[in-house]
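Top to bottom, those sequences are chains A and B. Under our numbering, the first sequence has 191 at position 202, and the numbering climbs by one with no breaks. To convert a position in the second sequence, counted from 1, into our numbering, add 410. All residues carry an ideal CB built from backbone N, CA and C; glycine is no exception. Since the structure comes first, as structure tokens, the remarks are kept for the end.
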Amino acid sequence: MAALIEIENLVKEYPGVRAVDGISFAIAEGRCFGLLGPNGAGKTTTLEILEGITEPDVGQILFRGAMRDAAYRQAIGIQFQHTALPDFQTVDEALRLFASFYTRHRPLAELIELCNLGELLQRDTRKLSGGQRQRLLLAIALVNDPDLVFLDEPTTGLDPQSRRNFWALIAGIRRDGKTVLMTTHYMEEASVLCDEIAIIDRGQIIEQGAPRQLLAQHFPRALVRIPLDAMPAADDLPLGFAVHGDHAIAATDDIDAALAELTRRHVALDDLHVSAPTLDDLFLKLTGHGLREP
Amino acid sequence: MNLQRILAVVSARNREFYRDKAGLGWNLLLPFVLVLGLAFIFSGPENALYKVGVLGAPADTGQTGFLATRHISFIAQEDEAAAIEKVRYHRIDLLVDLRDPPRYWVNDLSPSGYLVERLLLQSSATTPGRLQRETVSGRPVRYVDWVLPGVLAINVMFSSLWGVGWVIVRYRKNGVLRRLRATPLTASEFLVAQILSRLLVVSAVSVLVFLSTDALLDFPMRGSYLALILVFLAGTVALISLGLTVSTRVRSEELADGLLNLMAFPMMILSGVWFSLEGTNLWAQRLADLLPLTHMVEAARRIMLDGAGVAEVMFEVIILLTIAVVLLALSAMAFRWQ
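Structure (structure tokens):
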């Protein structure tokens, strides 16, 4: 499938820090691409460069195979992580304000239904809850029926239920054939929504691919965890186990063999935990630090 | 430039203005408080520093008699007709003509004029009957009438400087500018919308304040309404442009507030709103000539008190529009969304 947007060797430096350090990737039309990384990894700066908010020091961005021009702003929709709307506007007025900036429109009625804003139209935008506000910001991002939608940590700060509701909205956008580029540091979110992810650390992409493919590539089928204090001797772990914090963890394709070895050594299995590896585990393995730590 | 986008931003900004009840109340209340406060304060005896114009003043500095009186500022006058007008409009309290025959002019409506006249007559007691008294009469001008055009202009100044300068800095700080930057709205469209919106708001508030103050104080309006509208429109655009220059890059509301005050205070003091700069430091007068409020007040006063028409204030209108064009060009070049 043809790439809708191609990014080549982006570099952006701020005094004392290289926020983006040679990032390249491409997103095919209709795909959802996730940029993952801890705070300060460079994902928001990368997104801002693509949105046209920040100019890169070096690098090239091609949209539909050509350099970006004035039409680019008409073709993209953005949901910012931190943003504000003019004060004293109702939801309806805010939608109409942003709709007036574009030549192409998605019918407001359709958008209001999609983002479930029907009962909020006359409410002051400052009096919306977190989830309602994110739905309005998403509707604003979609007001011009964009080809490419940027979502910058769209569910940060939402409660679990609002987050899942928001995922359903994004799934709806994807069904409409939109191409989505999102940042997140919720691994579950990336797993559920993204066709492809790039893990960014210190301004560079350190791994890229489909979430399942990356996990299969880096991990055996399962992770077996057991608290260290359940082990008879912390300095004599069974084969395959390694210490991670206060747990001993083994990555294995043969769960039965791992359990048999633990039983043979008379390890109490009360607190044993067997799970499929997650993107959190992948990030930890690749970078040596957790996703939510800088 | 896309008119639809500009009008959409104008509407949004107007809604912000009229739905902010506290801000709206203050915008309407401030000019009334100023005018009524002044009318009250200056209804009693005026302050003790007097200004006396002198026609035919001797070149030597060793003055005797009345001209040696302390706490009176004696200001040499060249043009008799212009000096008499100054008496009429309270710019000087008394005019003395030392040429032959010795005469003096006083405004019967001026309390200061009355006091200075008493001093003059006492100093001249040794030569009774020589001084010829002339009364400046005709159209009476109270201090509040003289000060009112300036108060209307000051209201325009505050609303223009803060309503644009401070608001854009707030937009920048809270992320509204960043959000707008990501749309096809251009910087020029955004700035034009801010100017139009504020011009609309200032015009509406000024008309309201003008009419209601007139109902309360019954001040004179002797000149052309068209001229007054022209002067206020040109002055408002010049002051909005001045506010824009502050807003182009500043991110902190506190800094913006300080910079706006830095502009507002010299204009409050030096633009001749409260007292005439007659006889003050020449540098202060030159500085005043650079301030848009000075030309606005001067022209408005000439229209309202002297009955001037469009042609008589065209010079000030052109100066105000020139200031506006220069500041707008600078602001457009310097403007940053972030």
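The beta-carbon of B/Ala614 is placed no less than 8 Å from the nearest beta-carbon of chain A.
The DSSP-derived three-state label of A/Ile12 is strand. Listed along chain B are Thr593, Pro594, each with a C-beta nearer than 7 Å to that of A/Arg62. Sixteen is the threshold: when 16 or more other Cβ atoms of the shown chains lie within 10 Å of the Cβ of A/Pro143, as they do, the residue is buried. Per DSSP, reduced to three states, the secondary structure at A/Thr114 is helical.
When beta bridges are read from the DSSP output, A/Ala237 appears opposite A/Ile215, A/Val232.
Boundaries of the alpha helix (DSSP H) harbouring A/Tyr61: 59 to 64, taken from the DSSP string. Excluding the 5 residues flanking it on each side, A/Pro266 has same chain C-beta neighbours closer than 6 Å at Leu204, Phe208, Leu212, in chain order. Closer than 8 Å to the CB of A/Ala73 there is at least one CB belonging to chain B.
When the alpha-carbon of A/Ala249 is set against those of A/Gly229, A/Asp235, A/Leu137, the nearest one is in A/Gly229. Secondary structure note for A/Leu170: it is in no alpha helix (DSSP H), and the uninterrupted beta strand (DSSP E) holding it is 168 to 173.
Taking a beta-carbon distance threshold of 8 Å, B/Arg429 counts as an interface residue toward chain A.
Residues of chain A whose Cβ lies closer than 7 Å to the Cβ of B/Glu426 are, in chain order, Pro75, Asp76, Phe77. Per DSSP, the continuous alpha helix (DSSP H) segment holding A/Asp269 begins and ends at 268 to 276. The three-state reading of DSSP puts B/Arg513 in strand, counting E and B together.
Judged by DSSP secondary structure, A/Glu142 falls outside any beta strand (DSSP E); it is assigned neither H nor E. Under the Cβ distance rule, A/Gly192 does not count among the residues neighbouring chain B, no pair being separated by less than 8 Å. DSSP places B/Met631 in the coil class of the three-state scheme, outside both helix and strand. In this structure, the alpha-carbon of B/Leu649 lies about 44 Å from that of B/Phe476.
Counted as a single uninterrupted DSSP element, the beta strand (DSSP E) harbouring A/Gln49 occupies residues 47 to 52. The beta carbon of B/Ile578 sits closer than 7 Å to those of Gln604, Ser657, all from its chain and outside the five residues before and after it, given in chain order.
Listed as beta-bridge partners of A/Met56 by DSSP are A/Leu51. Considered as a whole, the region 627 to 677 of chain B harbours 635 to 657 as its complete alpha helix (DSSP H) runs of no fewer than 4 residues, in chain order. In this structure, A/Leu(-1) sits near A/Gly48, with a CB-CB distance shorter than 8 Å. At least one beta carbon of chain B lies nearer than 8 Å to the beta carbon of A/Leu86. Under the three-state reduction of DSSP output, A/Asn28 falls in the coil class, being neither helix nor strand. With the rule of 3 Cβ pairs closer than 8 Å, the region 63 to 74 of chain A counts as touching the region 125 to 140 of chain A.
Of all residues in the region 574 to 590 of chain B, the ones placed with a Cβ closer than 7 Å to any Cβ belonging to chain A are Asn584, Gly585, Val586, Arg588, Arg589, in chain order. When the beta-carbon positions are compared, A/Glu102 and A/Leu51 stay at least 8 Å from each other. One finds Ser89, Phe90 in chain A with Cβ atoms closer than 9 Å to the Cβ of B/Gln414, taken in chain order. Taking C-beta atoms as the reference points, A/Thr173 and A/Gly23 count as a pair closer than 8 Å. Within the region 691 to 713 of chain B, no residue has a Cβ lying closer than 8 Å to any Cβ of chain A. Fewer than three beta-carbon pairs drawn from the region 682 to 701 of chain B and the region 598 to 615 of chain B are found closer than 8 Å, and the two stretches are therefore not classed as touching. For A/Glu40, at least one C-beta of chain B is nearer than 8 Å to its own C-beta. By the criterion of a C-beta distance shorter than 6 Å, B/Val516 is surrounded in its chain by Leu504, Gly523, Glu527, once the five residues flanking it on both sides are discounted. Contact with chain A is found for B/Arg423, since one of that chain's Cβ atoms lies less than 8 Å from the residue's Cβ.
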